[in-house]
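Residue numbers (the numbering used here): 27 to 248. Glycine included, each C-beta is placed from N, C-alpha and C at the ideal position. No experiment lies behind these values; they were computed from the predicted model shown.
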């Protein structure tokens, strides 16, 4: 995957999001675009840990690797603490989005405008790293990467246990309930400009109390 050309990535929104992180932890984290085989191997293993055990969307595999079929057409951002993957998120502009498959209809059936949208997927933080800097820094980098590509907002399939978090951040639900009774999801929409950094800080604190739940060259963020 091609890494976007380096540029000044600051903006009022992302600066505020990054500032919600704990300063000490922020200095130890590197957030970048996944490129190497080693990067993707880490992604497959974290994907398996989250989406077979915490969120039983897929059956567990003996090799403890879950390869997402849409990853090839996505840009995946990873948060590293040393050599350890502590968080990830993917963005895709390849339609139909997975949320459209869950809804059973195109986004245009539910939203008045769909230009400039991406799908946010595989947003996950290692349980041992929740309640700190990782979530906020991943979101900040996601927004700047998306804006570089002319993307103004995103849709996401929010797991039932995390709908409150996304609502608090500024995401809005749309369409009917999706998923299954055992693994419920809600389709949600967000405009990057509406993300609430104060709510993000509160969500980080609440996630700290809910650790059992999900939620090129390295480049450090401010």
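What is the DSSP secondary structure of residue i, counted as helix, strand or coil?
| i | result |
| --- | --- |
| residue 72 | helix |
| residue 135 | helix |
| residue 169 | helix |
| residue 64 | helix |
| residue 189 | helix |
| residue 40 | Because the pLDDT of residue 40 is 46, which lies under 50, any placement of that residue in the model is unreliable, and the number read from its coordinates should be weighed accordingly. In this structure, residue 40 counts as helix in the three-state DSSP scheme. |
| residue 103 | strand |
| residue 78 | helix |
| residue 158 | coil |
| residue 58 | strand |
| residue 198 | strand |
| residue 92 | coil |
| residue 125 | helix |
| residue 215 | strand |
| residue 203 | coil |
| residue 221 | coil |
| residue 210 | strand |
| residue 141 | coil |
Distance check for residue j and residue i, CA to CA, integer angstroms please.
| i | j | result |
| --- | --- | --- |
| residue 183 | residue 166 | 19 Å |
| residue 138 | residue 64 | 41 Å |
| residue 13 | residue 131 | Since the first and last residues shown for the chain are 27 and 248, residue 13 lies out of range. |
| residue 213 | residue 191 | 14 Å |
| residue 134 | residue 186 | 23 Å |
| residue 141 | residue 157 | 33 Å |
| residue 129 | residue 202 | 7 Å |
| residue 57 | residue 66 | 14 Å |
| residue 197 | residue 62 | 32 Å |
| residue 146 | residue 221 | 14 Å |
| residue 85 | residue 78 | 6 Å |
| residue 195 | residue 59 | 24 Å |
| residue 284 | residue 123 | Since the first residue shown for the chain is 27 and the last is 248, residue 284 is missing from the structure and cannot be characterised. |
| residue 14 | residue 148 | No statement about residue 14 is possible, as the shown extent of the chain runs from 27 to 248 and does not include it. |
| residue 109 | residue 175 | 28 Å |
| residue 76 | residue 179 | 25 Å |
| residue 55 | residue 127 | 35 Å |
| residue 83 | residue 136 | 24 Å |
| residue 207 | residue 98 | 29 Å |
| residue 92 | residue 121 | 22 Å |
| residue 162 | residue 204 | 26 Å |
Out of the options, which one is the CA nearest neighbour of residue i?
| i | options | result |
| --- | --- | --- |
| residue 218 | 107, 126, 82, 181 | 181 |
| residue 107 | 164, 206, 210 | 164 |
| residue 177 | 161, 143, 89, 148 | 143 |
| residue 22 | 125, 179, 54 | This structure leaves residue 22 out entirely; the chain is present only between 27 and 248. |
| residue 87 | 74, 204, 98 | 74 |
| residue 90 | 109, 98, 68 | 68 |
| residue 119 | 173, 162, 210 | 173 |
| residue 216 | 160, 76, 210, 199 | 199 |
I believe residue i touches residue j by the beta-carbon criterion, under 8 Å. Please report the beta-carbon distance rounded to the nearest angstrom.
| i | j | result |
| --- | --- | --- |
| residue 81 | residue 160 | Actually they do not touch by this definition, with Cβ atoms about 18 Å apart. |
With 7 Å set as the bound, which would you pick, yes or no: does the beta-carbon of residue i sit closer than that to a beta-carbon of chain B?
| i | result |
| --- | --- |
| residue 104 | The question asks about chain B, but that chain is absent: this structure has only one protein chain. |
- request: Could you say if the segment 144 to 158 and the segment 106 to 113 meet the contact criterion of at least three C-beta pairs nearer than 8 Å?
  value: yes
message: Any contact between the segment 91 to 109 and the segment 162 to 181? By contact I mean 3 or more CB pairs, one from each, below 8 Å.
response: yes
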